[in-house]
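The sequence shown: position 11 = 12 (this note's numbering), numbered continuously. Don't be surprised by glycine CBs; every beta carbon is placed ideally from N, CA and C. Written below as structure tokens is the structure these notes are about.
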Amino acid sequence: MIRAVIFDVGECLVDETTEYGTWADWLGVPRHTFAAMFGAVIAQGRDYRETFQEFQPGFDLAEQREARAAAGQPEAFGEEDLYPDVRDTLATLRADGLWLGIAGNQTTRAGRLLRELFAADVDLIGTSDDWGASKPDPAFFERVAQIVPAEPHEMLYVGDRLDNDIRPAAAAGLHTALVRRGPWATVQWHSKEATKTPTFRLESLLELSGLIRHFNERAR
2 MIRAVIFDVG
12 ECLVDETTEY
22 GTWADWLGVP
32 RHTFAAMFGA
42 VIAQGRDYRE
52 TFQEFQPGFD
62 LAEQREARAA
72 AGQPEAFGEE
82 DLYPDVRDTL
92 ATLRADGLWL
102 GIAGNQTTRA
112 GRLLRELFAA
122 DVDLIGTSDD
132 WGASKPDPAF
142 FERVAQIVPA
152 EPHEMLYVGD
162 RLDNDIRPAA
172 AAGLHTALVR
182 RGPWATVQWH
192 SKEATKTPTF
202 RLESLLELSG
212 LIRHFNERAR
């Protein structure tokens with residue numbers, strides 16, 4: 002039985018197109034050039050943060066976030082950056098009686114933004130900065146297992162990345178759902194791991210309610 006659904010943030014709930022565009026602007030790089038390099042880095046299986054190094058060797062993401070904030074350009078996202086299926090999905094899953102959470106690799110500032118957007122919609126909002134552990138570190142999912150009022154095999158983690166979301170969540174004993182959007186899922190979608198590892202493969206989050214209902218009926 003699946004009793005709890007926990008969502009990743011970037012490219013799962015939040016479309017990060019605007020955010021990465023502002024990073025290109027900050028670096029003084031054309032947005033399409035930054036996006037092309039970003040995709041190349043992902044396709045090579047490298048850490049996405051290496052994209053910044055390609056344009057500015059020695060780039061420190063944490064330091065540059067602070068510099069942007071000091072310059073009046075802090076990381077930001079709002080209702081307009083949510084994928085269009087997010088609100089309806091959360092409402093439907095809540096009506097289905099499922100426990101809902103949001104947990105991802107996010108800064109403290111992003112955590113505050115998430116709480117402004119979703120405090121009334123979910124039971125938990127946790128970030129890597131809050132917990133001192135980042136995906137894919139097993140400690141991140143150990144923290145999820147400690148907080149969520151269900152057993153790991155009763156949880157479903159929804160994300161867009163094999164490396165950060167699906168693989169470590171499955172290793173921790175959670176069910177997983179891979180949603181096809183954003184650069185990672187687009188690059189990884191046709192791989193053998195993306196086909197075999199997730200419990201569910203989604204084109205839209207709106208599919209979750211029916212898939213979970215069918216899964217739970219079969220588990221009874």
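Under the 8 Å Cβ criterion, the stretch 100-107 counts as touching the stretch 126-139, having at least three qualifying pairs.
Apart from the 5 residues on each side of it in sequence, W132 sits with its Cβ closer than 6 Å to the Cβ of R144 in its chain, given in chain order. The beta carbon of P153 sits closer than 7 Å to those of A146, A173, G174 and L175, all from its chain and outside the five residues before and after it, given in chain order. Counting other Cβ atoms within 10 Å of its Cβ, L62 stays below 16 and is therefore classed as exposed.
Around the beta carbon of D161, a 10 Å sphere encloses 16 or more other beta carbons of the protein chains shown; the residue is thus reported as buried.
T128 carries a strand assignment under DSSP once its states are collapsed to helix, strand and coil. Cβ neighbours of D9 within its own chain (closer than 7 Å, five residues either side excluded): G105, V159, G160, D161 and D166. The C-beta of T90 has 16 or more other C-beta atoms within 10 Å across all chains shown, which makes the residue buried. Following the DSSP letters along the chain, one finds W100 in no alpha helix (DSSP H) but inside the beta strand (DSSP E) bounded by residues W100 to G105. Between the stretch 11-31 and the stretch 83-100, the count of Cβ pairs shorter than 8 Å is three or higher; the stretches touch. Distance check between G29 and each of Q57, F216 and T177 places Q57 closest, using alpha-carbon atoms only. Taking the Cβ atoms as the reference, W100 lies roughly 6 Å from P150, within the contact range of under 8 Å.
Residue state for T90 is assigned as helix, using DSSP reduced to three classes. The DSSP-derived three-state label of T177 is strand. Rounded to the nearest whole angstrom, the CA to CA distance from D122 to R95 is 8 Å. By DSSP's assignment, I7 forms a beta bridge with G102 and Y158. For R219, no pairing in a beta bridge is given by DSSP.
Closest in alpha carbon position to T18, among Q65, A36, A72 and A5, is A36. Here R50 carries a coil assignment [DSSP, helix/strand/coil]. CA-CA distance, E117 to T23, rounds to 22 Å.
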